[in-house]
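Numbering (this note's numbering), first residue to last: 19 to 326. Since the structure comes first, as structure tokens, the remarks are kept for the end.
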């Protein structure tokens, strides 16, 4: 009989999820022959099942890929925990605001990635149909969520800019009080050579850079807004943006960047939209491939359990 390879449906809800390894031949048993009694005595005949190198390849390929992503997830988790600990976010006076800490998001993503990939890793190496079904089911849900988010982002392009502007202004308002917001804002302004959301005068929203502030930073901007924040090309000049908001645009353009970061982000996205599309397709393709391999492995496991 020909070997059964493919099913008409996904094998999520099929029974018998015992832990033995149907893809590995049992010791002392013939892999592809069996004894049949006839009138002329016992004879060896070919059985209706055999073991394929593709079964082994899919099993260990899925195992190694999930192992690699499990390690990556643990690294992200460790990075998030290190960020929380280094900022003393667990201190009693800061524990109330830990829910909005970006490092907590990083730590959560690392934990979820590690758990998901560990499920697929163990399911593949142990040939556990239950774990493989859980793994493939969650990946399919993630695929659906990502496709839905892409559709929403495409249909809400105008509102996305509004959300980015609100987020940028919120980051600027908490610039001095939150190290994460400060780091993100500085990176955006430095790499895109911009200042503020729409203009350098947006730094008026920060209580320290507001012109009514009594401090030395009043009416200034951060050093990352400066065209040349280094003295003699070597020493960082943190005061290069002091008093910049008092200057008119013609005078200020020699000292700081006049353009806002929202426009810079939009231009960057337009210039790199092809690369972003390729990355999105590759990520989605990897997830679809994972579901395909898991489904194929499940079919093979179920078939061997039935006919072994």
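Glycine included, each C-beta is placed from N, C-alpha and C at the ideal position.
(request) Output the distance between the C-alpha atoms of residue 19 and residue 294, rounded to the nearest integer angstrom. (result) In this predicted model, residue 19 has a pLDDT of only 34, less than 50, meaning its place in the structure is not dependable; the value taken from the coordinates is given anyway. In a straight line, the C-alpha of residue 19 is about 49 Å away from that of residue 294.
(message) On the DSSP bridge list, what partners appear for residue 248?
(response) DSSP lists 254 as partners of residue 248.
(message) Tell me whether the segment 211-218 and the segment 274-291 touch, counting them as touching only if at least three CB pairs, one residue from each stretch, are closer than 8 Å.
(response) yes
(request) May I ask which residues mark the beginning and end of the alpha helix (DSSP H) holding residue 84? (result) Looking at the DSSP string, the run of the alpha helix (DSSP H) that includes residue 84 is 71-104.
(message) Please report the straight-line C-alpha distance between residue 256 and residue 187, rounded to a whole angstrom.
(response) 21 Å
(request) To the nearest angstrom, report how far apart residue 44 and residue 205 are at their CA atoms. (result) In this prediction, residue 44 scores a pLDDT of 45, lower than 50, which makes its location untrustworthy; the coordinate-derived value is nonetheless stated afterwards. Distance between the alpha carbons of residue 44 and residue 205: 59 Å.
(request) Could you tell me the distance, in whole angstroms, from the CA atom of residue 289 to the CA atom of residue 238? (result) 31 Å
(request) Could you check what DSSP says for residue 217 in three-state terms: helix, strand or coil? (result) strand
(request) Measuring alpha carbon to alpha carbon, tell me which of 147, 174, 236 ends up nearest residue 264. (result) It is 236.
(message) On the CB-based measure, 16 or more other CB atoms within 10 Å of its CB, does residue 322 come out buried or exposed?
(response) buried
(message) Could you give the first and the last residue of the continuous alpha helix (DSSP H) run that contains residue 234?
(response) Careful: residue 234 lies outside any alpha helix (DSSP H) and carries neither H nor E.
(request) Starting from residue 322, follow the alpha helix (DSSP H) in both directions and report where the run begins and ends. (result) First-last of the alpha helix (DSSP H) with residue 322: 291-325.
(request) Name the two residues that bound the continuous alpha helix (DSSP H) containing residue 137. (result) 120-144
(request) Quick one: measure Cβ to Cβ for residue 312 and residue 124, integer angstroms, because I've assumed they're closer than 8 Å. (result) Contact doesn't hold; Cβ gap of about 27 Å is too wide.
(message) When you compare the CB positions of residue 302 and residue 202, do they come within less than 8 Å of one another, or not?
(response) no
(request) Please confirm whether residue 141 and residue 150 have their CB atoms less than 8 Å apart. (result) yes
(request) Decide if residue 207 is buried, meaning its Cβ has at least 16 other Cβ atoms within 10 Å, or exposed. (result) With 16 or more other Cβ atoms within 10 Å, it is buried.
(message) Could you compute how far the alpha carbon of residue 100 sits from the alpha carbon of residue 196?
(response) 16 Å
(request) Counting only the same chain and skipping the five closest in sequence on each side, list residues whose C-beta sits under 6 Å from that of residue 228. (result) In its chain, beyond the 5 residues on either side, 222 have a beta carbon closer than 6 Å to the beta carbon of residue 228.
(message) On the DSSP bridge list, what partners appear for residue 274?
(response) Its beta-bridge partners are 244.
(request) Please list, in chain order, all residues of the same chain as residue 138 whose beta carbon is under 6 Å from its beta carbon, the five residues on each side excluded. (result) Excluding positions up to five away in sequence, the list reads 84, 153.
(request) Thinking residue 243 and residue 213 are a contact (beta carbons under 8 Å), I'd like their distance in whole angstroms, please. (result) 4 Å
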